[in-house]
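Peer 1: Numbered according to the UniProt record's numbering, the sequence shown spans residues 1 to 230. Just so you know, even glycine gets a beta-carbon here, dropped at the ideal spot from N, CA and C.
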Amino acid sequence: MQVGSLIASGYDCQIFEAGAGRIVRRARDGRSLEREAAVMRHAFRHGFPAPEIFDADGADILMERVDGPSLMDDVIRDPGRAPEHGRLLASLLRELAAVRAPGWLQAAAGCPGNRLLHLDLHPANVLLTGDGPRVIDWANAARGAAGADVACTWLVLATVPVEPPVERARAGLLAAFLDEADTARARPYLPHVAGRRRADRNITAEEQGRIDRFLAGEAPELLTGPTTGG
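Rendered as structure tokens:
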């Protein structure tokens with residue numbers, strides 16, 4: 001695809017201008033992004049706030065330009081909004097749980113079901129735009145039980161290390177999320193999603209330790225959540 005100026009460059013993708021209201025997301029390693037584009041198109045067509053997809057060709061996706069801070073950046077800027085954003089995360093997961101996955105999408109191991117799962121829906125992957133939130137980065141999407149998606153978000157909110165000034169805001173975010181999320185359905189999937197996260201070569205030893213303590217019940221009640229659904 002023809003592209004304009006480079007807008008941003010991340011660990012695995014680059015973002016280029018592609019005309020009014022559009023960008024091209026390009027995989028740095030040349031891998032195909034067509035499956036991810038198809039997942040986003042499916043979510044968008046079923047009314048979920050994913051970016052609109054216009055085309056996909058190999059390593060390139062032509063998509064809607066989504067401008068706005070991430071939910072995490074907004075919490076850091078204004079910690080008082082943490083509870084509001086925790087509730088938003090829970091609401092987005094409920095909305096996504098209503099979307100049936102396409103038949104061609106691979107099943108998430110150990111999480112049987114027919115729902116569309118994002119499996120990485122955390123504050124850095126929700127952008128706050130003037131038209132509402134947009135959920136980005138669908139590389140891990142799969143088909144399975146909606147509770148597994150809630151478990152993934154719960155685990156990330158509870159265990160990803162943050163700087164001390166952010167800790168209080170993170171606690172408020174998680175508490176509000178757990179109040180609204182269906183933790184009873186998510187809890188059985190926590191060991192499975194934790195094992196999957198441990199296998200990620202990008203996580204730190206500190207996060208590995210926090211995951212172990214979380215699963216062992218050594219974290220405070222804020223991190224382990226209620227025993228019934230919220």
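On the three-pair Cβ rule with 8 Å, is the segment 99 to 106 touching the segment 157 to 168?
Peer 2: No contact exists between the segment 99 to 106 and the segment 157 to 168.
Peer 1: Among residues of its own chain, excluding the 5 on either side of G132, which ones have a beta-carbon nearer than 8 Å to its beta-carbon?
Peer 2: As a position in the sequence shown, residue 132 is number 132, starting the count at 1. The residues are P49.
Peer 1: Does the beta-carbon distance from I53 to M40 come in below 8 Å?
Peer 2: As a position in the sequence shown, residue 53 is number 53, starting the count at 1. As a position in the sequence shown, residue 40 is number 40, starting the count at 1. Contact: yes.
Peer 1: For my contact list, D149 and L174 are in at a C-beta cut-off of 8 Å; report their separation, rounded to the angstrom.
Peer 2: Position 149 of the sequence shown, counted from the first residue, corresponds to residue 149. Position 174 of the sequence shown, counted from the first residue, corresponds to residue 174. About 16 Å; that fails the 8 Å criterion.
Peer 1: Please name the residue or residues paired with L215 in a DSSP beta bridge.
Peer 2: In the sequence shown, residue 215 corresponds to position 215, counting from 1. Answer is none; L215 lacks a bridge partner.
Peer 1: Using 8 Å as the cut-off, can you tell me whether the segment 112 to 120 makes contact with the segment 78 to 87, which would need three or more C-beta pairs spanning the two stretches below that distance?
Peer 2: The segment 112 to 120 is not in contact with the segment 78 to 87.
Peer 1: To the nearest angstrom, report how far apart D60 and I15 are at their CA atoms.
Peer 2: Numbered from 1 along the sequence shown, position 60 holds the residue referred to as residue 60. Numbered from 1 along the sequence shown, position 15 holds the residue referred to as residue 15. Those two C-alpha atoms are separated by around 10 Å.
Peer 1: Could you tell me the boundaries of the beta strand (DSSP E) in which C13 lies?
Peer 2: In the sequence shown, counting from the first residue as 1, residue 13 sits at position 13. 13 to 17 is the extent of the beta strand (DSSP E) around C13.
Peer 1: Cα-Cα, which of D182, D67, E17, D212 is closest to G130?
Peer 2: Here residue 130 corresponds to residue number 130 of the sequence shown, with the count starting at 1. Minimum Cα distance to G130 is reached at D67.
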